[in-house]
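Asker: Okay, so the sequence shown: first residue is 739 according to this note's numbering, each after it adds one.
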Amino acid sequence: MDFELTETQREYRDRARGIAEKELLPGYRARERSGRIDPELRREIGRLGLIAPELPTELGGRGLDRLTAGVVTEEIGRGDINVAYLQVVGSLVGQILAGNATPEIAQAWVPRICAGEEIVGIGLTEPQAGSDAGMPALTARRDGSGEDADWVLDGVKSLSFAGEAAAVVVFARTGPSPSRGKDISAFLVPLDAPGVSREPYSDMGTTAVGRGAAHLDGVRIPADHLLGAEGRGFTQVMQGFDFSRALIGLQCLGCAQQTVDETWRYVGERTAFDRPLSKNQGVAFPLAEAETLLSAARLLCLRTLWLKDVGRPHTADAAMSKWWAPKTAYDVINQCLLLHGQYGYRTELPIEQRLRDVLGLQIGDGTAQIMKLVIARQYLGRELAP
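1. For L985 and R879, what's the separation of their Cα atoms in angstroms?
2. Which word fits Q1130, buried or exposed, when buried means at least 16 other C-beta atoms lie within 10 angstroms of its C-beta?
3. Drop a sphere of 10 angstroms on the beta-carbon of I857, count the other beta-carbons inside from all chains shown, and report buried for 16 or more, exposed for fewer.
4. F981 by DSSP, collapsed to three states: which one?
5. So, using beta-carbon positions, are V822 and Q989 closer together than 7 Å?
6. Assign N1018 to buried or exposed, taking buried as 16 or more other Cβ atoms, counted over all protein chains shown, within 10 Å of its Cβ.
7. Going by Cα to Cα distance, which pick from T945, M1109 and A1056 is closest to I775?
8. Ordered along the chain, which non-local residues of its own chain (more than five positions away) have a Cβ less than 7 Å from that of E902?
9. Would you call T806 buried or exposed, if buried means 16 or more other Cβ atoms sit within 10 Å of its Cβ?
10. Does D740 come out as helix, strand or coil in the three-state DSSP assignment?
11. Taking the alpha-carbon positions, what's the F909 to R1008 distance?
12. Have a look at L965 and G817 and give me their C-alpha separation to the nearest angstrom.
13. Measure the alpha-carbon distance for M942 versus G799 and round it to whole angstroms.
14. Between which two residues does the beta strand (DSSP E) harbouring V927 extend?
15. Thinking C-beta only, is L824 closer than 7 Å to G861?
16. Buried or exposed: which applies to R804, given that a residue is buried once 16 or more other Cβ atoms fall within 10 Å of its Cβ?
17. How far does the beta strand (DSSP E) with P938 in it extend, from its first residue to its last?
18. By the DSSP assignment, the alpha helix (DSSP H) with I814 in it spans what residues?
19. Can you tell me which residues form a DSSP beta bridge with G859?
20. Roughly how many whole angstroms lie between the Cα atoms of P916 and P791?
21. Tell me where the alpha helix (DSSP H) around R785 begins and ends.
22. Using CA atoms only, rank isn't needed, just tell me which of C1074, R1115, L1087 and F981 is closest to G1049.
23. Is H963 helix, strand or coil when you go by DSSP?
24. Alpha carbon to alpha carbon, how far is F972 from P849?
25. Using a Cβ-Cβ cut-off of 7 Å (strictly less than) and excluding sequence neighbours within five positions of A1034, which residues of its own chain qualify?
26. For K895, write down the residues that DSSP places opposite it in a beta bridge.
27. Going by the DSSP bridge assignment, what does W889 pair with across the sheet?
28. Which runs of the alpha helix (DSSP H) at least 4 residues long sit entirely within the stretch 753-779? Give them in chain order.
29. Under 6 Å Cβ to Cβ from H953, same chain only, skipping five residues before and after it: list those, please.
30. Tell me the DSSP secondary structure of R970 in three-state form.
31. Look at the Cβ atom of Q747, then the Cβ atom of V809, and state whether they are nearer than 7 Å.
32. Assign M739 to one of two classes, buried (16 or more other C-beta atoms within 10 Å of its C-beta) or exposed (fewer than that).
33. In whole angstroms, give me the CA-to-CA distance for G1119 and Q974.
34. Applying the 10 Å Cβ sphere with the 16-neighbour rule, what's the burial state of S940?
35. Is the distance from the Cβ of V907 to the Cβ of G956 below 7 Å?
36. Return the first residue and the last residue of the alpha helix (DSSP H) that E1132 is part of.
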């Protein structure tokens, strides 16, 4: 085992850390108030090669490993967990398109994702279904005969960047099978197509991401916007989520680590009863525990990305990363808020915002219950698992 970052990984880490410290941290609260991430900031991050750097260079990526993508995501998450969604969604959707779209479609969209010119969302879940992603109500039917016939889509999908995304990858039922995960296909849907309307959600956190719904009412898309094989899109595309789950873990850990760093400084400077707060075990020990938990969760996430890089199974590891890292991050930030006393509860400090922002990732992209089910199935098999 070698825990030393390579020279390239350090270079990209430093790029991400630089923009996090200079631009993301100072603008964190302002982005919440505006409810969006400025497109120029997105393009600047893209110019630095920090969005999906693991994608091939011929598609606008940097041809790097997934570990580098994870290191970048954590550093961006330190500055603003909302902006780190660009890395997570960009990597997830970018690899879906790179691996399943026609070469022409991939070339048209993936370089724009990597450059920060466009956002392509992921529409897996539906408002009425939540975690039951294998039973979509969204339908897609061919309008005509033959493989060149257009597809017509009807239904609703939830997605991040609902107001800013130029397109969305969706999963729709394309066959008669009522079975979960069967006869489901994936499509790329441009969100400027006739019949698309957008509905914003009023969330308690991550408002800069702008979650919402895309309503598809008889939306017509060309035949070549089918991703992967017809009827097998759910199985093919869902394989990419193992990678993004580890990125989400690091996204949350970056947010928590920044809060812990700030809290160490605060308790060392703040005095009570004629001495620094840090002299009290009840103050210093919770932070020592936080550092331990964050270090362990980080190693789990990085190990998952390493397994992906070397082509080894990592589904259980990714599920562990997805449920444990966001929960750990939330618990740690909550403890830091309490250690700040009344100041932590006030909105002048970013701690309460981070608490709200990180909470959503205990829900989105797979709840803890779903992740534990994935883990159990990996160890027991479907026959013996819940």
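Positions of the beta carbon are idealized from the N, C-alpha and C atoms, including for glycine.
Answerer: This is what the structure holds:
1. 34 Å
2. What is shown of the chain runs 739 to 1124, which leaves residue 1130 out entirely.
3. buried
4. helix
5. Sequence check: residue 822 is Ala here, not Val. In contact: A822 and Q989 (Cβ atoms closer than 7 Å).
6. exposed
7. T945
8. R774, I857 and G948
9. buried
10. coil
11. 52 Å
12. 34 Å
13. 33 Å
14. I922 to P928
15. no
16. buried
17. V934 to P938
18. R804 to G817
19. V906
20. 39 Å
21. P777 to R785
22. F981
23. helix
24. 24 Å
25. none
26. A952
27. R880 and I959
28. 766-772
29. V894 and S935
30. strand
31. yes
32. exposed
33. 20 Å
34. exposed
35. no
36. Residue coverage of the chain in this structure runs from 739 to 1124, which leaves residue 1132 outside it and unanswerable.
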